[in-house]
Structure formats: structure tokens, C-alpha cells
Amino acid sequence: MQDFVPGQRWLSETQAELGLGIVMTTDGRCVQIAFPATGETRLYAMREAPLARVELAPGERIRDHQGRRLCVTAAQVDAGLITYICEDLDGRICALPEAQLDDRLRFNRPQQRLLSGRIDSDHWFSLRYRTWQQGMREAGSPALGLVGARVALIPHQLHIAAEVAGRDAPRVLLADEVGLGKTIEAGLILHRMLLTGQARRVLIVTPEPLLHQWLVEMRRRFNLRFALYDRERFDAITDANPFQDEQQVLCSLDLIAGNADAARAVLEGQWDLLVVDEAHHLAWSETEASLEYDLVEALAQVTPGVLLLTATPEQLGRAGHFGRLRLLDPDRFHDYRAFLEEEAGYAPIAALAARLLDDEPLSDADQALLGRLLGDVQGQAREDILAHLVDRHGTGRVLFRNTRASIPGFPERQVIAHPLPEPEDYRALPTGALGRLTPERALDSDWTAIDPRIDWLIETLRGLRPAKVLLICAHAQTVLKLREALLRRAGIYAAVFHEGMEIVERDRAAAYFAAVEDGTQILICSEIGSEGRNFQFAHHLVLFDLPLEPDLLEQRIGRLDRIGQTQTIRIHVPYFTGSPSEALFRWYAEGLNAFEHSCPAAAAVLAEQRSAVLDVLEGRGEVEQLIAQTRVLTERLNAELATGRDRLLEIHSHRSAADLALVDAIEEIDASREVADYLTRFWDAFGVEHESGPGGSVVVRPGSQMLQEHFPRLPEDGLTATFERANALAHEDRELLTWEHPMVREAMELLTASDLGTSGLILIKDRRFKRASLLLELLYVAECTAPPELQVGRFLPPTLVRLLLDIEGRDHAAEIPHATIKGDCLTRNFKLARSVITSQVPRLTVMLEHGERLARSQVQHLEQEATARMHAVLGDELERLVALSKVNPTVRRDEIERLTQRRERLVDYLGKTHLRIDALRVMVTT
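Using the working numbering, the first residue of the sequence shown is number 78, and each one after it goes up by one.
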């Protein structure tokens, strides 16, 4: 009978899923064991308790209650209780009483299981082998972190994600034009950084109207479950810092800027990565900054990684743009005047890059400039020269901006003007011409009774039916009046979307509009709908009024004009003839050409012409003269942008050949179908029910005979999934199952953390062995445990060492691959299996000892290879950054320091690679 002492840790030999047990009480005959991981308590008879004492050996990797990862170095026993002497990831020594072991620890002891005759079905051994193999493939893949997202494989988005996520603590501004996918880029970066352990605590800050869209996008596209914090949730949490309750947090800028307690808590949140959407709202000038800017600046100072997102980086002028760059690197961007002077010097470099890109002949002056910039370039290919030029000059390291002109895949835009007579009541308004841009706001009576835009809208909707129509206007009150008028006068039900609605109500309205069969034909939005929302399934946009800011006009059109849009976008603009709305329409259409094409210079044009535009709208200027001047100015500024700073940025922000290589790598993984085969075998072995569903989908449900009560990420009512990316993009209700999906990853973790498949016995008929013999297949795992931010898996991921020994100790692993071994499993003939193993214990013991020596010699080789690879990769990166820092000030000093420290720490950790046996399989040849 075993001795039980309260506080000891024991494992159930028959129900390993209970976790780590702790002795609560004994009465001489029975022992009470609590299993905190599952909240269960069991009573066992001492004489027959199916329990195994937990006694850890030096070298074993464990966790404590706080989740700290530790390595056991020694053990001390006092009155039956064990205290472990451990070393943490930073090399500090600590004493850990066994009661403080993590309750969810799982222990894999394949030698004991095998020699005691406990064996598993052979398919679990094979699944275990495939699981480790996949982990090794994944760690070395350039597509790591980019495969699992439910997104189309768009090259420039993948390029930005791979480039940014590959940096230590990236701090960048994502400024692609409207519709090019900044949210997807940010999501891909987040997904990869969370997957690799570069980031754990992430804060996303958005304008309040976009909270739910971000929440849904992160969950639906990237399987990232962010906690949404509003004022109610923040106040309801009584902890010292409510933001510490969650690892991934989503909140509005209004919450933290308008609540001192929330601001204080968020600044103390210890985030790894900060993401700020619609960053152009952060106002900064040389003389003052907004409260929101100051708060984000304070956050950026204490957060290693920062992503700022804006489609209009210069909406508030060059000073505002500099202010956002200043958030990313205040040491580099500390002087606005110096920044302007430096930018002016980029023009000749950009012109040279453009000539190289267009394969034009280079003049003597070009060759001289190249020599000053890069030294001797004789014999170098143009592609290499261009890569060095882009890498070492410009603001590319902190700023990414792709434009529609450089990215294919956008639809055409067609503007359809609808001139209407201006009602006398509008013409007589005393509010001035600017008031007449939205005259309905100034009229006391019911303006819908006199406004010809109402009848025009009703006729247009009837003519376009059943096509979806998005209408955007400036004010919420206009939205409500339009809905009422459409229903009362034409029986047309419209969904509405405005700032007076709760976020959930807006989401429901957007979903109602998106529904194909039962949805509404029209969604009427106030200006709040012009940012962030994606409605590319619609092809008709009604601009009920026109904003005075060109960037805001582009934001409105960008709700439909996005990658993924399949048809020409029809932009319907009703305006009143002879009114300021006609003048503004003509300025946009004829001067800027802003309806049918994106106009990069539009904001700069307005900044120069604002007084002239206002004069025309107020009736004090000539519209024809304004349009002619605008056309000339627009052409000049667009040309300057095309040959200056923007061309450099575009070259940096997407590299066609490299980007397509990423796409090819992901498509190859998608096409292999390996994950489908792996997961269906896993479901079958675990007892999960699955069957083919409609349109190439698979329907998955919990089975009545599952090994455990729950399967990872499988709801009680099941789910519909697909292994095909195109299928998932066409059907948002289907989960896209990839190697990076949480269900797959957690299933793999469940298997490797359990003892399933750790010991096996099969009979094989193999002509390669002429007589009956005994073989032992051993699976060892070499693991280097290090802090996640070091990304040790990039150089030495958990690596499988496979041996196949005969009784003479010869290793046949190289000549006999695992996949070629087929045999009959003896799990159903327990007596025979036990007798075979019992009779061979002496031989197996010798083979195990020999296998340990062989495996350890391989680990030394793995350590040497990994260290050499690390020095080569990080050495090249460090050498490049040091060289870049001499010619490109956007390389941060702390980036070089972090990389240097990382290399030094990795040398130490790689030298402490731990080897453990993971699984054993005995093979008897006949």
C-alpha cells in the first residue's frame, strides 16, 4: 500500500485528462484526491488506487501556478513532500513546493507505460509523429502566421505583413489608400506576432463607430478573440487595473481619452503591441497637440510595438503627418523643419529609382549620384541596385503606402450626375451658400415635402431594384428623415446607420443590408459610415450631399471601391442646378476628377485653393476660372507626387517578385490537403462525428463516444467548415480549417501534451527482415525553451529525432521511413501484448539506453547547426541595419541594440537544448 500525505501530487493512471491531483485527506483506508484543473474530487481505496506519484527528475520542464516555465535541477524531500529546485527562463534559481505545480501539467512517461504493458492504438502513434513533423515544417516556413487568415492572397498585403512582423518590436505607419486593406494587413501582422510569441498583450484603439467591425473582423478573419471594453465593462471590473483581465483588448479612443481612470489603467497595461486605427484623427502641430494625441504618445512611449493606420496620412497637412511619424520614433522625427528639408532631398533619388524601375538609360549625372549613394555598383543588376536604393533611402522603414495606381485589381468608377431644380425655399435661405450645401438642415418645415431628391431617389431605387444601394449623407437627422420619407411615400424599407445608434444596432443594420434574400435594398448612412466599413458587395453609391473635404469624399467612395469589388461602381450625385452644390460637384468632377479616379493631390489642392473655393461657393467667384486653375494645379501636384516621395514609398511597399513567392508558398500549402487528411484522422480517432456538407463543406459535431467530453473549439451544436480558401471566402458561415486554425493547433497541443500514442506494439511482415526480430522505434524531441520574444523556434523549433533500432543497436531510421511501416496493432489482444513486452524487458531496456546515447549525440549536432544558423541570419540582419543606420536615419538605435542582445541571449539558450523521449513503438517482425 502506498503512503499518501496531504499536499502530495498524484496522477490518475486511467483518467489523465483530470490533470494533476493533490492529496486532501486520508483515513487509513481511503484517500481523497482533488483535481483543481477540472474542479473534481475523487475518493480512492488506498490498496487499489489507480494513481501514480508525481516525482520529477532533473531536466524536466514544468510550470507553476502563475504559468512560469521552469526547469527542475534538483529535489528535496521532507516528511513525504517534495520541494523542487528550479531554474527559470532568465537563469534565476527558485524553490517550488510540489503543491505549487500547475494543476494542468501533463506528464509523458513512455518508458514506464511501455514496460508496464500499457499500449495505445497505432494510429495515435502515427498522428503523434505527424504532429511533430508539421511543427518542424511550419517553423521554417516563410508563410508562418499568414496561412490561417480567411483572406484572399493579395501580394502587397502579405508583403507588408511579412516585412513588419519580421521585425523586432515593429513601429510603422500603414497608410495604404482607401480600399487596399490596411485592416487586413494589421490583422495579418497581429496573427503572426501572436502565433510566434512576439506579442502577447495587444491593445487596439479605434474610433467608437468601428469597435464592433474590428471585433468581428479579428474573430471572423483571423480567429483572434479580442475583449471589447466600453465604459460599462470597464466600470464593472473591480480589479486594480481592469485592462489586466484580458490579453487582447479592443477599446475606443473616446473611452481612454474621456475617462481619467481608464487612461491611467491603459497606460499601466504593459502592452507588447499598440494598434491605432484612423490615426489621422490625432491632431498635432508645432504649437499644440490634442488630448487624444498626447494619450497615444504616452502609450507609444511605454509600448515596444506600435502600428498606426490611416488612409489619409496628410489629411491634417504635413505637420500632422510628421506628428504621427513622431509617435513612432521621436528620436528620429524630432524637428519638423529638418524633416521638411530632408524630404525635399528625396526627389532626385526617387527620380533615379523610377528610371531604374522603368529600365530607362542612366545619364552620367545618374551614375554619379548612384556612386555617392551606394559606392561602386559596376556589374550589379538593376534589380539589386534598386533594392539597395530603396532600402537605404527614404522613410520606407517606418511608412508603408500603396496606391491604387500601383496595385491592380480595382474596378472602374463611373459618376452619374443628376441635376435637379433647387426649391425656392432653399434658394431663399439666409444661411449663406455653405448652408445651401445641406439646405435641409436649415429649414424649419418638413423639407422632404419640397426636396426633389426624394422623388428622384424613389425612382432610382425602383429602377435599380434589386441591386443594393448605399446612400451617404452628412447628418444623422437627414438619415432619419430620408427613411421616414421612403417608407411613407413609396413603402420602401431602408436600413439606417448613424451615430445616434448603439454599436450593435449599427452592426445589425449593416448585416440587414448585406443579406441577399431577406435584406433591404438600401442602407442610409450618416458621415459615420464613410470610415472603416466595407460594402464592396454593393455597386451603387448615392452621395445625397457632398463634403467639402476631398479626402472625405474618397473615404465615402472607398466603402465600395475596394479590392474584391466585382463590378463598375456607379456613383450617383443629385445636385441643384445653379446652386453651390452644382459648383462643388463640378469642382470635384472637372477640376480634380475625384469621382472616377482617386486624386492623390486633392488635399494639397484644397489647402492652396480653399479661399477661392469658398468664394465660388459663396457666389463671389467664377466657377469656370476656378475649375481651370484647379485642373492645372492638380496635374502639376499629381506629377510631383508621382516623381517624388510617393514613388519611393510604393517601391518599398510592395515587391512584385518577393510578394508572389509568398503567395506561391501559401497556395502550395493550401493545395497539399495535408491538414484535411490529418484532421479527419484525428476526428476519427477521437470520436468526433463528421460528414460532407453542401458545396464542398464538412459538418463536424461532437460524437457520443469521444475520448473526452470536449474537443478543442468544437461547439456543442457543431460547426460547418471547409479546407478550401475560396469556399471560406464565399461562405462566411464556414470555418476555414488550416494548420493555423485554433481547432487544429489546440488538437495538436492536446495530443502532444497527453500520453496518447506514446507507447505501441505492432506485428509487421517486412521482407527487409529475413527472420523474426525485434525493432524499437523511438521518437525523441529536442526542445530549446526560451522567452517568446527571442523567437528561438526560428532557429531550433521542437525537433523530432527518430531512431529505429534493431537488437544489435543498429539504427535503420534513414533507410526505413516511418510512413512505410504498416502492421497489426495489438491493443485488442492485451494478454499477448503484455506477454511479448514482459519477455523482452531486458532487451528493450538495453535498446532504450543505447537510443538515449544516439539521440543525445544528434542533439549536440542540432545545437551547433542552430547556433551557426542563428549567427548567420541575425549577423546578416545586424550588419544590414548598422549599414542602413549610416545612410537612413529611420533605423532606430534601439532596434540594433535589441537585435544584438537577442543574439547574445540566444547563444546561451541554444546551448541548453533539452532532449526528452516522446514516444516508443515496439515492432515484432514475422
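For glycine and all other residues, C-beta sits at the position ideal for the given N, C-alpha and C.
Note that the structure is predicted; figures quoted are calculated from it, not measured.
Take residue i and list the residues in its own chain whose beta-carbon comes closer than 6 Å to its own, dropping the five residues that flank it on each side.
| i | result |
| --- | --- |
| Gly-635 | Val-255, Gly-256 |
| Asp-843 | Thr-1002 |
| Lys-558 | Thr-525 |
| Gly-870 | Ala-216 |
| Gly-225 | Thr-815, Glu-817, His-818 |
| Ala-176 | Gly-84 |
To the nearest angstrom, how far is the alpha carbon of residue i from that of residue j?
| i | j | result |
| --- | --- | --- |
| Ser-522 | Asp-528 | 11 Å |
| Ile-605 | His-268 | 28 Å |
| Glu-866 | Asp-747 | 28 Å |
| Glu-419 | Ala-428 | 16 Å |
| Glu-262 | Ile-640 | 13 Å |
| Leu-393 | Pro-425 | At Leu-393, the pLDDT of 49 sits below 50, so the modelled position is not reliable; the number obtained from the coordinates is stated separately. About 26 Å. |
| Pro-651 | Ala-494 | 6 Å |
| Pro-232 | Ala-734 | 9 Å |
| Ala-716 | Ala-671 | 16 Å |
| Thr-990 | Arg-169 | 17 Å |
| Leu-931 | Trp-209 | 19 Å |
| Glu-582 | Ala-592 | 15 Å |
| Gly-456 | Gly-952 | 25 Å |
| Ala-238 | Glu-940 | 30 Å |
| Ser-936 | Pro-779 | Note that residue 936 is Val in the sequence shown, not Ser. Near 40 Å, if we compare the C-alpha coordinates of Pro-779 and Val-936. |
| Glu-137 | Asp-165 | 12 Å |
| Gln-92 | Leu-784 | 10 Å |
| Thr-273 | Asn-300 | 15 Å |
| Gln-325 | Glu-285 | 17 Å |
| Phe-311 | Ser-781 | 41 Å |
| Leu-434 | Leu-446 | 16 Å |
| Ile-266 | Asp-901 | 46 Å |
| Asp-349 | Val-373 | 14 Å |
| His-731 | Pro-498 | 48 Å |
| Val-740 | Val-228 | 12 Å |
| Arg-186 | Gly-886 | 22 Å |
In the DSSP output, what is residue i paired with across the bridge?
| i | result |
| --- | --- |
| Met-1000 | Ile-839, Leu-852 |
| Asp-901 | Leu-840 |
| Ile-994 | Tyr-857 |
| Cys-328 | Val-282, Tyr-306 |
| Gln-153 | Thr-160 |
| Val-777 | His-767, Leu-796 |
| Gly-870 | Partner(s): none; Gly-870 has no beta bridge. |
| Met-883 | Correcting the residue type first, residue 883 is Asp in the shown sequence and not Met. Partner(s): Leu-852. |
| Asp-141 | Leu-178 |
| Thr-39 | This structure leaves residue 39 out entirely; the chain is present only between 78 and 1003. |
| Thr-148 | Correcting the residue identity first, residue 148 is Cys in this sequence and not Thr. DSSP, once it has assigned bridges, lists Arg-138, Glu-164 as partnering Cys-148. |
So residue i and residue j are supposed to be a Cβ contact under 8 Å. How far apart are they, rounded?
| i | j | result |
| --- | --- | --- |
| Thr-387 | Glu-727 | In fact, because the Cβ distance is near 17 Å, the residues do not count as touching under 8 Å. |
| Ile-994 | Gln-347 | Contact flag wrong, Cβ pair sits at about 38 Å. |
| Val-999 | Leu-191 | 7 Å |
| Val-984 | Thr-944 | 6 Å |
| Gly-834 | Ala-996 | 6 Å |
| Cys-550 | Asp-443 | So it is not a contact: roughly 51 Å between Cβ atoms. |
| Val-82 | Gly-157 | 4 Å |
In chain order, what residues of the same chain lie with their CB nearer than 7 Å to the CB of residue i, ignoring the 5 residues before and after it?
| i | result |
| --- | --- |
| Glu-673 | Arg-490, Gln-491, Val-492 |
| Arg-933 | Leu-992 |
| Thr-597 | Tyr-570, Ala-571, Ala-572, Tyr-589, Phe-590 |
| Phe-202 | Gly-834, Gly-837, Ala-996, Arg-998 |
| Tyr-413 | Glu-363, Ala-396, Phe-399 |
Between residue i and the rest of its own chain, which residues show a CB-CB distance below 8 Å, the 5 nearest in sequence each way excluded?
| i | result |
| --- | --- |
| Gly-98 | Arg-86, Trp-87, Leu-88, Ser-89, Ile-110, Ala-111, Phe-112, Arg-119, Leu-128 |
| Gln-79 | Met-123, Ala-126, Leu-128, Arg-130 |
| Asp-441 | none |
| What runs of the alpha helix (DSSP H), each 4 residues or longer, lie entirely inside the segment 245-287? | 259-273
| query | What are the complete alpha helix (DSSP H) segments, minimum 4 residues, inside the segment 576-602? | reply | 580-591
| task | Mind listing, in chain order, the continuous alpha helix (DSSP H) runs of no fewer than 4 residues lying wholly within the segment 665-713? | result | 679-694
| field | beta strand (DSSP E) runs wholly inside the segment 80-117, at least 3 long, in chain order | value | 86-89, 97-103, 107-112
| request: Any chance you could list the alpha helix (DSSP H) runs of at least 4 consecutive residues sitting entirely within the segment 362-427, in chain order? | output: 368-379, 394-405, 413-421
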